[in-house]
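**Student:**
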Amino acid sequence: AQKITQTQPGMFVQEKEAVTLDCTYDTSDPSYGLFWYKQPSSGEMIFLIYQGSYDQQNATEGRYSLNFQKARKSANLVISASQLGDSAMYFCAMRVPRQAAGNKLTFGGGTRVLVKP
Amino acid sequence: KAGVTQTPRYLIKTRGQQVTLSCSPISGHRSVSWYQQTPGQGLQFLFEYFSETQRNKGNFPGRFSGRQFSNSRSEMNVSTLELGDSALYLCASSTSDKNTEAFFGQGTRLTVV
Chain X
129 AQKITQTQPG MFVQEKEAVT LDCTYDTSDP SYGLFWYKQP SSGEMIFLIY QGSYDQQNAT
189 EGRYSLNFQK ARKSANLVIS ASQLGDSAMY FCAMRVPRQA AGNKLTFGGG TRVLVKP
Chain F
1018 KAGVTQTPRY LIKTRGQQVT LSCSPISGHR SVSWYQQTPG QGLQFLFEYF SETQRNKGNF
1078 PGRFSGRQFS NSRSEMNVST LELGDSALYL CASSTSDKNT EAFFGQGTRL TVV
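Line by line, the protein sequences give chains X and F. Note that the working numbering gives residue 194 to position 66 of the first sequence, counting from 1, and the numbers run on in steps of one. Note that the working numbering gives residue 1028 to position 11 of the second sequence, counting from 1, and the numbers run on in steps of one.
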C-alpha cells in the first residue's frame, strides 16, 4: 500500500522568503505521480504542481518547484518569495495508477504554513 | 472554463437522516472521485466513478454510496447519518488514467447534529 508522510505539522515563514515543505512517500510501484495542493481556510483544494516518477526534470510552476529525489523517495515543495496569500494548509498526494486502477489519491497529513509580514 | 462545482456548500443534518451531495466535474472530465476530510483522519478516499461505473472504492461502510450520470455529474449519498460523518466532502475531477492533474471543488461541509 502507498503512504505519504509530511513531518512538519506547521511552520512560519517570513514574507518574501523561500520555504520548503517536506514530503516522503512509499510505494513499490515504479510508476506513480506526485501532487501538491494548497487548501486555504475556505476549504477548496487548489492544484499546485505535479511530478511523474519517470519525469527527468523537476517540475516547476511559477513560484512553486518540486525537489524530486527519487532514490530518497522525497518530493519536497519549494515556494519562493512567499506572499501573505500563501498562508494555508499544503498537502502532498500520490497516485499509483496500476495499483488503484484509476485516479485515487493518497494524501499526507498536511503542513500548515503561516506567512508573517 | 468552469471549474468543479459542488452543491450544496453547507449542510446541517440530524443523526439518522440521509443526505445527497452533488458534484459537477469540469467539462470533458469523465472521472469523479470523492474524499472525506476530517481533523482526526485527514483526507480519505471514498470512491471514484468513471464513465458511470464505480472504478475504485475506499474503506467506508455501505452507508456511503455514489453514482455517476451520463453527463459525468456525480452524487454521493450517506444514509443513516452518524455524528462522525461530520466532515468536509470534496470531489475531484480528472480526464483519464494518464491524467497529471486532479481538480477539486470547494467542498460540501456536512454537520451532523
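No residue lacks a Cβ here, since even glycine has one placed at the ideal position from N, Cα and C.
Using a Cβ-Cβ distance under 8 Å, would residue 1123 (chain F) count as near chain X?
**Tutor:** Yes, residue 1123 (chain F) counts as interfacial toward chain X.
**Student:** Kindly indicate which residue of F:1095, F:1103, F:1073 has the alpha-carbon position closest to the one of residue 1080 (chain F).
**Tutor:** Checked all of F:1095, F:1103, F:1073; the closest Cα to residue 1080 (chain F) is F:1095.
**Student:** Using a Cβ-Cβ cutoff of 8 Å, what residues of the stretch 153–181 of chain X are near chain F? List them in chain order.
**Tutor:** Against chain F - using a Cβ distance shorter than 8 Å - the residues of the stretch 153–181 of chain X are 161, 163, 165, 170, 171, 172, 173, 174, 175, 178, 180.
**Student:** Using the Cβ count rule (16 or more neighbours within 10 Å means buried), how would you classify residue 154 (chain X)?
**Tutor:** Under this definition residue 154 (chain X) is an exposed residue.
**Student:** At the level of alpha carbons, what is the spacing between residue 1043 (chain F) and residue 1111 (chain F)?
**Tutor:** Each residue's Cα considered, the two are about 8 Å apart.
**Student:** For residue 1071 (chain F), which of F:1093, F:1060, F:1054, F:1028 has the nearest alpha-carbon?
**Tutor:** Minimum Cα distance to residue 1071 (chain F) is reached at F:1093.
**Student:** Spatial neighbours of residue 1031 (chain F) within its chain, please: CB distance less than 8 Å, with the 5 preceding and 5 following residues excluded, ordered by chain position.
**Tutor:** The residues are 1098, 1129, 1130.
**Student:** Taking DSSP as the reference, what is the three-state secondary structure of residue 191 (chain X)?
**Tutor:** Residue 191 (chain X): coil per DSSP, three-state reduction.
**Student:** Applying a beta-carbon distance threshold of less than 7 Å, which residues of chain X neighbour residue 1118 (chain F)?
**Tutor:** Simply 175, 178.
**Student:** Buried or exposed: where does residue 1034 (chain F) fall if 16 or more other Cβ atoms within 10 Å of its Cβ makes it buried?
**Tutor:** Exposed, because fewer than 16 other Cβ atoms sit within 10 Å of the Cβ of residue 1034 (chain F).
**Student:** Tell me whether residue 217 (chain X), by its Cβ, gets closer than 7 Å to a heavy atom of the ligand FMN.
**Tutor:** With respect to the ligand FMN, the structure offers nothing, as it holds no ligand at all.
**Student:** Under 8 Å between C-beta atoms, does residue 194 (chain X) make it to chain F?
**Tutor:** Answer no: the Cβ-Cβ gap between residue 194 (chain X) and chain F never drops below 8 Å.
**Student:** So which of F:1069, F:1045, F:1029, F:1109 has the shortest CA-CA distance to residue 1100 (chain F)?
**Tutor:** Residue 1100 (chain F) has its Cα closest to that of F:1029, out of F:1069, F:1045, F:1029, F:1109.
**Student:** For residue 149 (chain X), decide whether its Cβ has a neighbour in chain F, counting only Cβ atoms nearer than 8 Å.
**Tutor:** For residue 149 (chain X), the answer is no, since every Cβ of chain F falls outside 8 Å of its Cβ.
**Student:** Check whether chain F comes within 8 Å of residue 140 (chain X), counting only Cβ atoms and requiring the distance to be less than that.
**Tutor:** No, its Cβ sits nowhere closer than 8 Å to a Cβ of chain F.
**Student:** Residue ranges of each beta strand (DSSP E) run of no fewer than 3 residues wholly in the stretch 1083–1123 of chain F, ordered along the chain?
**Tutor:** If we require 3 residues or more, the beta strand (DSSP E) runs fully inside the stretch 1083–1123 of chain F come out as 1091–1095, 1104–1111.
**Student:** Could you tell me which of F:1106, F:1104, F:1090, F:1117 sits nearest to residue 1049 (chain F), measuring between CA atoms?
**Tutor:** If we check each option's Cα against that of residue 1049 (chain F), F:1090 comes out closest.
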